[in-house]
Amino acid sequence: MDSRARDMNSLTRSNIGLYTLFAACVLAGFFLNIHAVPLFDLDEGAFSEATREMFVRGDFISPYLNGEPRYDKPVLIHWLQAASVWSLGLNELALRLPSALAAALWSWLIFLFTKRYTTTATALYAAIITASSLQVSLIAKAAIADALLNLFLSGALFSIYLFYQSRELRYVYLSAAAMALGFLTKGPVAVVIPLAVSLLFFLSKGEFRTWLMALFNLRAMALFGLLALPWYVAQYLREGDAFIQGFFFKHNIARFGETFEQHGGGVFYYIPVVLIGLLPYTALLFKTFTRLGEIVNDDLKRYLLIWFLFVLIFFSFSGTKLPHYAVYGYPAAIILMAMYLDTLRSGFMILLPPLLLFTALLFLPELIHAWLAAVQDVFIRDTLRDAGDYFSFPYRLFFSLAILLTVYFMFENRFSNPGKLLCSGLVTVTGVALFVLPIAGQILQSPIKEAALIAKRADYAVVMWGLNAPSFNVYSERLVERREPRPGEIALTKSSYLPRLKGYETLYYKNGIALIRVKSRIDVSSPAGPASNSSAQ
């Protein structure tokens, strides 16, 4: 066998290993344990409850939340969740499955696009990084719209670049279709990002007229309208100006200009978000951006750089800032990172971020305990007081072994640096899926779920006092009034609210969440303080 044949066999074996690693990362990062963790409030609870109420109302056009119109987001994710619930029943698996499937398709789309312009190995690097990055994995496991939106954003932006390269109009139509589906998923952001990124790129290449030609292509515009507008028209005919004001002006324009629900932050808000969100690949991100001179002189790399930077800068100046907004730019950063993965030389430096992550997770109970000593909020203290009890021996063992493996890889030379780093990604998403998310769910959300199941079995009409936890509605399968309770009513509340009641019977209490039967009127003069856990007061 000649040397060329041996090299081809070696590359084939390497790619088989990368395909296997990609499949493992998709399973661990997107699907593992999505059935076993309670829904997290606020977002998962809100999306899931709006989907549940579609079945209750027999209305699959207008999303409602707790009996009121929900103008926050469009309808596509609810349709997909409804199809899943119809097939699998009302449970965490059914509600999260559309996001997991969208994320799997998203990572495969990244592979296909990258493979078109680079090697199979580089494309697999990009797909594996996508499936094993910390924040992408969290988004993929959440019953929200963002994984689906990222699928369509990537489809639109990939199609635009394919049009730039080939000048084939079919890619303009594909981009229009992807933007239309994104518009049905989360609204104007699915159009703003592709149009802005493509405009900046075409301007940088001196091809503004080409961009305008694609933008005003009548067939593409008609396709966009055909896919996106029927639901918006139907919703407007049902809800009138309230829908226009609520969706477009409040939850899109005003959300950009103002801070909603205390989700604000400074102009540098997204720097730590990206550094943490792309773990364990943070060192690779730094390495990639040392090549800026090379990046701006290559068409594809320049396009990806504009995409990533536009998203970060655009949302850095938004009044409302949420961590998952940064994910809209991750595909571009990830493909760039994949292109430079083979240039890594220092096994020690590239594995330092995962080592720090695994160490922080190993000692997370101690970190929580130390932080809690400075916390004054009664509810937070009650929620986390017994958090250490949830971190079992298997948790400690897993992250201890992860640390040992990482240290071994730092000083071992038989394995390639790309292989070491990608394996650390698999370890990261596996540990998060098997241990971190279930523990977070047990501490933060299992009290809501357990109280809801009690209310469902006993057929309680419950008032929610001082809480906004729509997952309670999902699990209890009923609407819940949010107001102060009156004597004789059943209330779900926080421990910090209990001192305002002179008499109540505790029906359930865990981690600062109480289901009570109110026996007296609320004492508005009583300060919040530590709550008693007695069964009757």
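Position in the sequence shown (from 1) plus 14 gives the number in the numbering used here.
Positions of the beta carbon are idealized from the N, C-alpha and C atoms, including for glycine.
Spatially closest choice to residue i from the options, by CA coordinates
| i | options | result |
| --- | --- | --- |
| Leu209 | Tyr422, Leu240, Phe172 and Asp473 | Phe172 |
| Tyr474 | Gln249, Tyr284, Leu521 and Gly343 | Leu521 |
| Ala145 | Arg496, Thr444, Val494 and Leu378 | Thr444 |
| Leu32 | Leu440, Ser406, Arg514 and Ala465 | Leu440 |
| Ser180 | Ala141, Ser147, Ala228 and Thr133 | Ala228 |
| Arg14 | Thr373, Ser330 and Glu426 | This structure cannot speak to residue 14, because the chain is shown only from 15 to 551. |
| Asn105 | Asp57, Leu378 and Glu63 | Glu63 |
| Phe449 | Met478, Ser485 and Phe412 | Phe412 |
| Leu355 | Lys434, Lys335 and Asp400 | Lys434 |
| Leu419 | Glu464, Ile394, Phe362 and Ile457 | Phe362 |
| Lys129 | Tyr518, Asn29 and Tyr511 | Asn29 |
| Leu12 | Ile527, Ala528 and Leu493 | Limits of the chain in this structure are 15 at one end and 551 at the other, which puts residue 12 out of reach. |
| Pro432 | Phe197, Asp73, Ile530 and Lys301 | Lys301 |
| Ala465 | Ala528, Gly307 and Tyr246 | Ala528 |
| Ala472 | Ile457, Trp479, Leu458 and Glu491 | Glu491 |
| Val487 | Tyr518, Tyr511, Leu506 and Arg500 | Note that residue 487 is Asn in the sequence shown here, rather than Val. When each option's Cα is compared against that of Asn487, the closest is Leu506. |
| Leu371 | Ser534, Ala156 and Ile417 | Ile417 |
| Asp86 | Thr357, Leu378, Gly201 and Lys219 | Gly201 |
| Gly280 | Phe322, Gly260, Leu148 and Leu326 | Leu326 |
Distance CB(residue i)-CB(residue j) smaller than 8 Å
| i | j | result |
| --- | --- | --- |
| Ala234 | Val186 | yes |
| Lys516 | Leu481 | no |
| Ala161 | Ser101 | no |
| Gly191 | Leu237 | Here the sequence assigns Ala to residue 191, which means Gly is not the residue at that position. Cβ atoms of Ala191 and Leu237: closer than 8 Å. |
| Asp396 | Asn311 | no |
| Leu123 | Ser189 | no |
| Leu350 | Ile309 | yes |
| Ser414 | Pro52 | no |
| Val99 | Leu109 | yes |
| Ala3 | Ile462 | With the chain covering only 15 through 551, there is no way to say anything about residue 3. |
| Glu58 | Ile158 | yes |
| Phe36 | Ile142 | yes |
| Lys447 | Ala38 | According to the sequence as given, residue 447 is Ala; it is not Lys. Not closer than 8 Å, so no. |
| Ala297 | Ala140 | no |
| Glu495 | Val532 | no |
| Phe329 | Tyr339 | yes |
| Asn231 | Leu183 | yes |
| Pro337 | Thr442 | no |
| Arg252 | Ile75 | yes |
| Pro83 | Thr199 | no |
| Ala154 | Phe303 | no |
| Trp479 | Tyr518 | no |
| Met193 | Ala170 | yes |
| Tyr342 | Ile207 | yes |
| Pro552 | Ser534 | For residue 552 there is no data in the structure shown, the boundaries of the chain being 15 and 551. |
As assigned by DSSP and simplified to three states, the class of residue i
| i | result |
| --- | --- |
| Leu79 | strand |
| Leu521 | strand |
| Arg233 | helix |
| Glu495 | strand |
| Ile48 | coil |
| Lys315 | helix |
| Gly543 | Confidence at Gly543 is low in this model, with a pLDDT of 45, below 50, so its placement is unreliable and no value can be given for it. |
| Tyr283 | coil |
| Val441 | helix |
| Gln259 | helix |
| Gly455 | helix |
| Asn105 | coil |
| Asn29 | helix |
| Leu375 | helix |
| Pro88 | coil |
| Gly72 | coil |
| Phe553 | Residue 553 is absent from the model: the chain starts at 15 and stops at 551. |
| Thr136 | helix |
| Gly220 | coil |
| Ala157 | coil |
| Thr144 | helix |
| Ala388 | coil |
| Pro461 | helix |
| Leu289 | helix |
| Pro484 | coil |
| Pro367 | helix |
| Arg395 | helix |
Which residues DSSP lists as bridging residue i, in chain order
| i | result |
| --- | --- |
| Ile504 | Val476 and Arg531 |
| Ile536 | Leu515 |
The segment 291-298 in contact with the segment 115-123 per 3-pair CB rule at 8 Å: no
Segment contact, 8 Å Cβ cut-off, at least three pairs: the segment 211-219 with the segment 306-317: yes
Contact between the segment 382-399 and the segment 345-363 (3+ Cβ pairs under 8 Å): no
Any 3 or more C-beta pairs closer than 8 Å across the segment 448-455 and the segment 404-421: yes
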